[in-house]
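Participant: When the letters of the sequence shown are read in order and numbered with the numbering used here, they come out as residues 339 to 810. Built from N, CA and C at the ideal position, the CB exists for glycine as well. My structure is below; once you've seen it, I'll send some questions.
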Amino acid sequence: MSKESIASALKQATETKFLEIGSDIINKVPEIFAAQFPGKKAIVIADPNTYKVAGEKVHKALKEAGLEGEEPYILDDPNLYADYVFVEKIRDYLKDKDVTPVAVGSGVINDLAKRASSELKRSYMCVATAASMDGYSSAGASITNKGAKITHACEAPKALLADIDIIADAPPLMTASGYADLYAKVVSGADWLLAAELADPQNPKKGIEPMTSAWNIVQDGLAEALQDPEGAKKGEHKAIELLTEGLMLGGFAMQSMESWGAGVSRPASGSEHQFSHLWDMEHHTFKGEMAKKFGLYPNQDEQAPSHGFKVGIGTLAITAMYELMLKTPVEELDIDAAVEKWPSLEEQLKEIDEMFGGSDIHPFATTQTTDKCVSKEELKEQLTKIKNNWPALKESIRKQVIPYNETKKRLAAVGAPVEPEEIGMDRNRLRESFYRAHKIRSRYTILDFAYRAGYFDQWVNELFGENGVLKG
Ligand SMILES: [Zn+2]
């Protein structure tokens with residue numbers, strides 16, 4: 339990866355205009371702020387911890403440069419998390435003040451400031467303090483609203499700064515979480531290869547996007563960014579810098595897809611993220627020793643696993659499914675039999691009633707499944723395309739997917755969980771999650787191929803069977 343790839347990605351990003359990643363650059367905030375927000379005054383938004391590690395320096399530098407509009411706004415609630423009540427607090431505090439937010443922090447602070455700024459129709463700047471997730475540069479904020487976690491569409495930061503000296507000192511588990519979130523791009527890339535096979539550039543359809551340059555933004559430097567999990571764990575600057583770049587590029591790739599509608603996350607999120615989204619919707623929490631280790635808020639007793647850790651377990655599950663796909667003679671697929679068995683929308687919705695009836699996931703799964711449902715004719719056409727192109731497609735998927743054992747080894751090396759039990763899931767729940775994750779998003783992934791071609795039960799049974807890698 340290089341400065342050129344960042345520059346080229348920035349050019350394709352629609353909202354972020356500036357990013358600098360480097361060592362000892364925290365004092366450049368005033369210079370960048372003045373250039374990106376001419377005539378504006380700043381307010382630092384942080385929590386006590388991020389204020390200590392970077393916010394104070396940023397505040398002082400802005401003050402000395404005469405760019406401070408208001409004293410820093412510190413969210414000091416010990417139970418601070420990405421909940422909408424905090425968005426309202428920030429928004430109401432800033433409403434009558436003519437200041438531009440400078441969010442200093444990682445996932446929570448950035449998501450809160452992003453949404454609050456978006457509601458105030460103000461652009462903002464972000465100073466990253468950890469390589470813990472890929473949301474810095476994305477046009478969306480993952481925020482819980484009355485108990486339900488929702489990705490709200492909102493504008494990405496106009497300017498971003500990532501000081502590697504600060505990020506390298508972040509808790510290693512935050513880095514591990516970011517590494518797992520970046521690793522997910524391996525299988526989400528495979529999902530896109532599969533979907534693009536079905537895409538019709540003349541008649542583009544949401545959920546079956548053709549390849550765009552967003553693919554290169556994410557994938558070109560991915561292998562390099564993931565090659566040194568041990569170094570990332572130890573906070574070695576080179577590894578941390580590559581990881582940070584990779585995470586930022588994911589958001590730029592999403593911004594470049596803007597013509598597909600706000601927040602199309604295809605370049606950075608596939609079936610592995612559907613597991614994580616499902617567990618969010620199920621309000622999955624865990625407690626005890628593992629929660630202390632892999633939870634998002636270590637000072638709470640019962641809590642959710644961090645985003646990256648849920649995504650990491652999802653990535654392992656989907657990697658295992660891709661390995662089975664590569665072993666399956668798809669060139670022999672009996673298309674007529676698959677089409678014959680294809681359930682009508684009515685039957686599929688009945689399946690959803692049984693799976694989600696009475697829960698708040700039900701209406702969501704109903705809409706998403708309806709959106710992606712195809713007729714028997716369309717199904718035949720889709721399966722024919724994949725069957726006919728299987729030799730070439732198989733080769734590109736083989737090149738894309740990193741083998742399960744190697745994936746597990748690297749995730750363990752960075753310090754991320756590699757067994758579902760480590761995030762409070764038993765095997766049955768993981769097994770069920772394959773079926774449930776498939777229903778909650780209209781984006782075409784390996785789960786859709788498995789379902790439509792009639793391999794779903796066979797593959798899941800094999801994954802959890804006698805010699806299955808997910809058996810435990
Ligand atoms: Zn993610």
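1) Does the beta carbon of S444 fall short of 7 Å from some heavy atom of ligand 1?
2) In whole angstroms, give me the CA-to-CA distance for E804 and Q796.
3) Restricting to Cα atoms, I'd like to know which of L580, H776, K718 and S526 is closest to T705.
4) With DSSP as the reference, please indicate the residues paired to H490 in a beta bridge.
5) V712: which of E733, D691, I690 and L683 sits nearest, CA to CA?
6) Grab the span of the beta strand (DSSP E) containing P439 for me, first residue to last.
7) Taking buried to mean at least 16 other C-beta atoms within 10 Å of its own C-beta, is Q540 buried or exposed?
8) Can the beta-carbon of Q738 be found less than 8 Å from the beta-carbon of L536?
9) Considering G588, what are the terminal residues of the beta strand (DSSP E) in which it resides?
10) What is the C-beta distance between A522 and E610, in whole angstroms, given that I count them as a contact (C-beta under 8 Å)?
11) First and last residue of the beta strand (DSSP E) that includes F356?
12) Can you list, in chain order, the residues of its chain whose CB lies under 7 Å from that of T467, leaving out five sequence neighbours each side?
13) Assuming the contact rule is C-beta atoms closer than 8 Å, K496 and Q350 should be a hit. Round their C-beta distance to whole Å, please.
14) Where does V752 land, buried or exposed, given buried means 16+ other C-beta within 10 angstroms?
15) Where does Y411 fall in DSSP's three states?
16) Going by DSSP in three states, G803 sits in which element: helix, strand or coil?
17) State the start and end residues of the unbroken alpha helix (DSSP H) segment that holds D284.
18) With the cut-off set at 8 Å, would you say L405 and A372 are in Cβ contact?
19) Relative to the C-alpha of M463, which candidate in K378, L721 and A655 has its C-alpha closest?
20) Mark H621 as exposed unless 16 or more other C-beta atoms lie within 10 angstroms of its C-beta, in which case mark it buried.
21) Tell me, please, which residues DSSP counts as bridged to G633.
22) Is it the case that the CB of S607 approaches a heavy atom of ligand 1 more closely than 7 Å?
23) Thinking just about the alpha-carbon of each residue, which of I488, E369, F787 and P755 is nearest to the one in G646?
24) For R781, I'd like the list of residues in its chain whose CB is within less than 6 Å of its CB, leaving aside the five on either flank, ordered along the chain.
25) Compute the minimum distance between the beta carbon of V437 and the heavy atoms of ligand 1, and state whether it is under 7 Å.
26) Use the C-beta contact count for G696: other C-beta atoms within 10 angstroms, 16 or more gives buried, fewer gives exposed.
27) Assign V437 to one of two classes, buried (16 or more other C-beta atoms within 10 Å of its C-beta) or exposed (fewer than that).
28) Check whether the stretch 582 to 590 and the stretch 474 to 484 are in contact - that is, three or more C-beta pairs closer than 8 Å.
29) Return the chain-ordered list of same chain residues with a C-beta closer than 6 Å to the C-beta of D709, the five sequence neighbours on each side being excluded.
Facilitator: Put simply:
1) Position 106 of the sequence shown, counted from the start, is the residue given in the question as residue 444. False, no ligand heavy atom lies under 7 Å from that Cβ.
2) As a first step, residue 804 must be located in the sequence shown, where it is residue number 466. As a first step, residue 796 must be located in the sequence shown, where it is residue number 458. Approximately 13 Å between the Cα atoms of the pair.
3) As a working mapping, residue 705 is identified with position 367 in the sequence shown. With distances taken between Cα atoms, T705 lies closest to H776.
4) In the sequence shown, the residue the question calls residue 490 occupies position 152. DSSP output for H490 lists A479 as bridge partner(s).
5) Locating residue 712 in the sequence shown gives position 374, counting from the first residue. Across the set E733, D691, I690 and L683, the C-alpha of L683 shows the shortest separation from the C-alpha of V712.
6) Position 101 of the sequence shown holds residue 439. First-last of the beta strand (DSSP E) with P439: T438 to G443.
7) Looking up residue 540 in the sequence shown gives position 202. The residue in question, Q540, is exposed, as its Cβ has fewer than 16 Cβ neighbours within 10 Å.
8) Translated into the one-based positions of the sequence shown, residue 738 becomes position 400. Translated into the one-based positions of the sequence shown, residue 536 becomes position 198. It is not a contact, given that the beta carbons lie outside the stated cut-off.
9) In the sequence shown, residue 588 corresponds to position 250, counting from 1. Segment H575 to S594 is the alpha helix (DSSP H) holding G588; no beta strand (DSSP E) there.
10) As a first step, residue 522 is located in the sequence shown; it is residue number 184 there, counting from the start. As a first step, residue 610 is located in the sequence shown; it is residue number 272 there, counting from the start. Their Cβ separation, rounded to whole angstroms, is 5 Å, which keeps A522 and E610 in contact under 8 Å.
11) Locating residue 356 in the sequence shown gives position 18, where the first residue counts as 1. Its beta strand (DSSP E) spans residues F356 to G360.
12) Here residue 467 is taken as the residue at index 129 of the sequence shown, counted from 1. Correct list, in chain order: T388, V391, A392, V442, G443, S444, I504, I505 and A508.
13) In the sequence shown, counting from the first residue as 1, residue 496 sits at position 158. In the sequence shown, counting from the first residue as 1, residue 350 sits at position 12. Not quite, the Cβ-Cβ distance comes to about 16 Å (not below 8 Å), so this is no contact.
14) In the sequence shown, counting from the first residue as 1, residue 752 sits at position 414. With 16 or more Cβ atoms within 10 Å of its Cβ, V752 is classed as buried.
15) Position 73 of the sequence shown holds residue 411. Note: Y411 maps to strand in three-state DSSP.
16) Taking the first residue of the sequence shown as position 1, residue 803 is located at position 465. It is coil, neither helix nor strand.
17) Absent from the structure is residue 284, since the part of the chain shown begins at 339 and ends at 810.
18) In the sequence shown, counting from the first residue as 1, residue 405 sits at position 67. In the sequence shown, counting from the first residue as 1, residue 372 sits at position 34. Yes. Within cutoff.
19) Here the question's residue 463 lines up with position 125 in the sequence shown. Of K378, L721 and A655, the residue nearest in Cα terms is K378.
20) Working through the sequence shown from its first residue, we reach residue 621 at position 283. H621 should be labelled exposed.
21) Numbered from its first residue, the sequence shown carries residue 633 at position 295. BP columns for G633 point to P643.
22) Translated into the one-based positions of the sequence shown, residue 607 becomes position 269. Indeed, a heavy atom of ligand 1 lies less than 7 Å from the Cβ.
23) Residue 646 sits at position 308 when you count from the first residue of the sequence shown. It is P755.
24) Within the sequence shown, numbered from 1, the residue matching residue 781 stands at position 443. G545.
25) Here residue 437 is taken as the residue at index 99 of the sequence shown, counted from 1. Not under cutoff, so the answer is no.
26) Start at 1 with the first residue of the sequence shown, and residue 696 comes out as number 358. Classification for G696: exposed.
27) The sequence position of residue 437 within the sequence shown is 99, counting from 1. V437 is buried by the Cβ-count criterion.
28) yes
29) Residue numbering aside, residue 709 sits at position 371 when the sequence shown is read from its first letter. Cβ within range, chain order: S780.
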